[in-house]
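The letter at position 271 of the sequence shown is residue 271 when you use UniProt numbering, and the numbering goes up by one with no holes. Accompanying notes for the structure given below.
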Amino acid sequence: MIGVIDVGGGLRGSYGAGVLDACLRKGVHFDYGAGVSAGSANILSYLAGQMGRNYTFYTEYTFRKEYMSLANFLKTKDYLGLDYIYGTLSDDGGEYPIDYDGIMNNPADFAVVATDALTGKPMYYAKKDYQRNDLGFLKGSCCVPVADQPYPYRDHLLFDGALSDPIPYEHCFEAGCDKIVVILTRPRDEVRSNESDLRLAKLLEHKYPVAAENMRNRIPLYQKKLQECFALEKEGKVLIVAPDSIGQMKTLTKDKAAIKDLYVKGFHDADSIWDFVG
């Protein structure tokens, strides 16, 4: 069983969208898909067989104030309009609905990773949790702390999955995968600073102290998981696909040219997958 993980990364996720669209174009079928944050949206569109859907979200809808804006934040305390993105646009009758039946008819299962804002523990949502016109678990997985309030879903308050399991390869192996393609949205050798995370943790700690601690440890946890994936790559169990450069792109950088460039880069970098999946 071969799995694929998309780690997300806000608008840098256009790279993963390019990789997965190339897989659809090539007819590559994964038996299991795991996504974190924006990577979850990429995975679901891939499983639905909707090539180009995420590209439209990244390059067109992103620039609408309802999608993400200061106006949103001042009005609702949520910079990202998660109900707009994964409700208004994505539900049946929306501007670009997710193909629910396509996902449910695909034999592959999935895991969308979110973080419980109170306990800091990862939450893994699978196909059995998915009901038509209810992408609440996806909204929770994409809920960026401080930028948005935690998203309420089925008796939980959810934050971005990157706070608890940024590269869920262990979950994929536990689900039965023998080999995994891991899609990163940063160069594999990038050295990251956690200064901004420490500032965000201070803003979180009063209401969500455990999530704040997760925020402080977010980059060290990512680096630990990445090093483990490097070791598994040497054993032939993991293939890492990552951009050689992301320029000045940050998580919420609304630069259309850079977003398109990352998508194209991902589409071409997918060529490394074909031999790995056989």
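The C-beta atom is built at its ideal place from N, Cα and C for all residues, glycine as well.
### C-beta contact flag for H171 and D165 at 8 angstroms
Here residue 171 refers to the residue found at position 171 of the sequence shown. Here residue 165 refers to the residue found at position 165 of the sequence shown. A contact, by the Cβ cut-off of 8 angstroms.
### Task
To the nearest angstrom, report how far apart residue 316 and G266 are at their CA atoms.
Since the first residue shown for the chain is 1 and the last is 278, residue 316 is missing from the structure and cannot be characterised.
#### Entry: Residue ranges of each alpha helix (DSSP H) within the region 56 to 131, 4 or longer
70 to 76, 100 to 105
### Query
Does the separation of the CB atoms of V112 and L138 fall below 8 angstroms?
By 1-based counting over the sequence shown, the position of residue 112 is 112. By 1-based counting over the sequence shown, the position of residue 138 is 138. Cβ atoms of V112 and L138: closer than 8 angstroms.
### Query
Can A108 and L44 be called in contact, C-beta distance under 8 angstroms?
Translated into the one-based positions of the sequence shown, residue 108 becomes position 108. Translated into the one-based positions of the sequence shown, residue 44 becomes position 44. Not in contact: A108 and L44 (Cβ atoms no closer than 8 angstroms).
### Task
Out of I219, N72, A34, D91, state which residue places its alpha-carbon closest to the alpha-carbon of G176.
Here residue 176 is taken as the residue at index 176 of the sequence shown, counted from 1. Checked all of I219, N72, A34, D91; the closest Cα to G176 is A34.
### Message
Any contact between the region 48 to 61 and the region 195 to 214? By contact I mean 3 or more CB pairs, one from each, below 8 angstroms.
### Response
no
### When V241, T251, L11 are compared against Y61, the one with the closest alpha-carbon
Counted from its first residue, the sequence shown places residue 61 at position 61. Minimum Cα distance to Y61 is reached at L11.
#### Entry: Nearest-angstrom Cα separation, counted from P209 out to G39
The residue you call residue 39 lines up with position 39 of the sequence shown. The residue you call residue 209 lines up with position 209 of the sequence shown. So the two alpha carbons sit approximately 26 angstroms from each other.
### Task
Find the nearest neighbour of I98 within the set L80, F73, Y130, T76, judged by alpha-carbon distance.
Taking the sequence shown and counting its residues from 1, one reaches residue 98 at position 98. When each option's Cα is compared against that of I98, the closest is Y130.
### Query
Opposite G49 in the DSSP bridges: which residues?
Position 49 of the sequence shown holds residue 49. Note: G49 sits in no beta bridge, so no partner.
### Query
Below 8 angstroms between beta carbons: does that hold for D31 and M1?
Residue numbering aside, residue 31 sits at position 31 when the sequence shown is read from its first letter. Residue numbering aside, residue 1 sits at position 1 when the sequence shown is read from its first letter. Against a cut-off of 8 angstroms, the Cβ pair of M1 and D31 comes out as a contact.
### Query
So which of L157, A147, G16 has the shortest CA-CA distance to L74?
As a working mapping, residue 74 is identified with position 74 in the sequence shown. L74 has its Cα closest to that of A147, out of L157, A147, G16.
### Query
So does S69 have its beta carbon nearer than 7 angstroms to some heavy atom of the ligand GDP?
Only the bare structure without any ligand can be found here, which leaves the ligand GDP out of the picture.
#### Entry: A212 versus G278: straight-line alpha-carbon distance, rounded
Position 212 of the sequence shown holds residue 212. Position 278 of the sequence shown holds residue 278. Computed Cα separation, rounded: 42 angstroms.
### Message
If I follow the unbroken beta strand (DSSP E) through P152, where does it start and stop?
### Response
On the sequence shown, residue 152 is found 152 positions in, with the first residue counted as 1. P152 -> beta strand (DSSP E) spans 151 to 153.
#### Entry: For G13 and K26, the rounded distance between their alpha carbons
Stepping through the sequence shown from its first residue, residue 26 is reached at position 26. Stepping through the sequence shown from its first residue, residue 13 is reached at position 13. Distance between the alpha carbons of K26 and G13: 20 angstroms.
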